[in-house]
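Numbering (UniProt numbering), first residue to last: 1 to 94. Ideal Cβ placement from N, Cα and C applies to all residues, glycine included. First up is the structure itself, then whatever we jot down about it.
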């Protein structure tokens with residue numbers, strides 16, 4: 001039992017080491033993606049899997065936008081990137 005726990009701790013330490021290296025290389029800890037409700041989320045599933053296989057350090061967080069709310073999410077800083085926005089982006093405030 002002690003050997004098994006030691007292996008778990010060693011695995012955790014190695015994963016933390018990998019995360020520290022990735023963060024040092026400039027990878028973000030979290031990426032917030034705004035997704036318009038009209039966009040079929042199922043299309044993102046294989047892309048999400050592929051992303052995690054390559055970049056396991058960065059967590060993806062998804063926020064929904066309704067009726068153009070995706071742009072608001074982006075312009076208000078609540079998302080880093082948006083997917084599926086159907087309308088043109090709002091004009092920048094002068």
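Inset, instruction - Tell me whether the beta-carbon of residue 62 lies closer than 9 Å to the beta-carbon of residue 32. - result: Sequence index remark: in the chain shown, residue 62 carries index 62 (1-based). Sequence index remark: in the chain shown, residue 32 carries index 32 (1-based). Yes, the pair counts as a contact, with Cβ atoms nearer than the cut-off.
Legend entry - Nearest to residue 56 (by Cα), restricted to the options 89, 11, 29: Along the chain shown, one-based indexing puts residue 56 at 56. The residue with the shortest Cα to Cα distance from residue 56 is 29.
Inset, instruction - Within its chain, find whatever has a CB closer than 6 Å to the CB of residue 70; leave out the 5 residues flanking it on each side and keep chain order. - result: Residue numbering aside, residue 70 sits at position 70 when the chain shown is read from its first letter. Hits under 6 Å: 34, 36, 82, 85.
Inset, instruction - Along the beta strand (DSSP E) that carries residue 62, what are the first and last residues, could you check? - result: Here residue 62 refers to the residue found at position 62 of the chain shown. Its beta strand (DSSP E) spans residues 59-65.
Inset, instruction - Identify every residue that forms a DSSP beta bridge with residue 97. - result: Summary: the structure shown does not reach residue 97, with the chain confined to residues 1 through 94, and so no result is reported for it.
Inset, instruction - Over the uninterrupted alpha helix (DSSP H) stretch that includes residue 43, give me the two end residues. - result: Sequence index remark: in the chain shown, residue 43 carries index 43 (1-based). Premise fails: residue 43 is in no alpha helix (DSSP H) and is neither H nor E.
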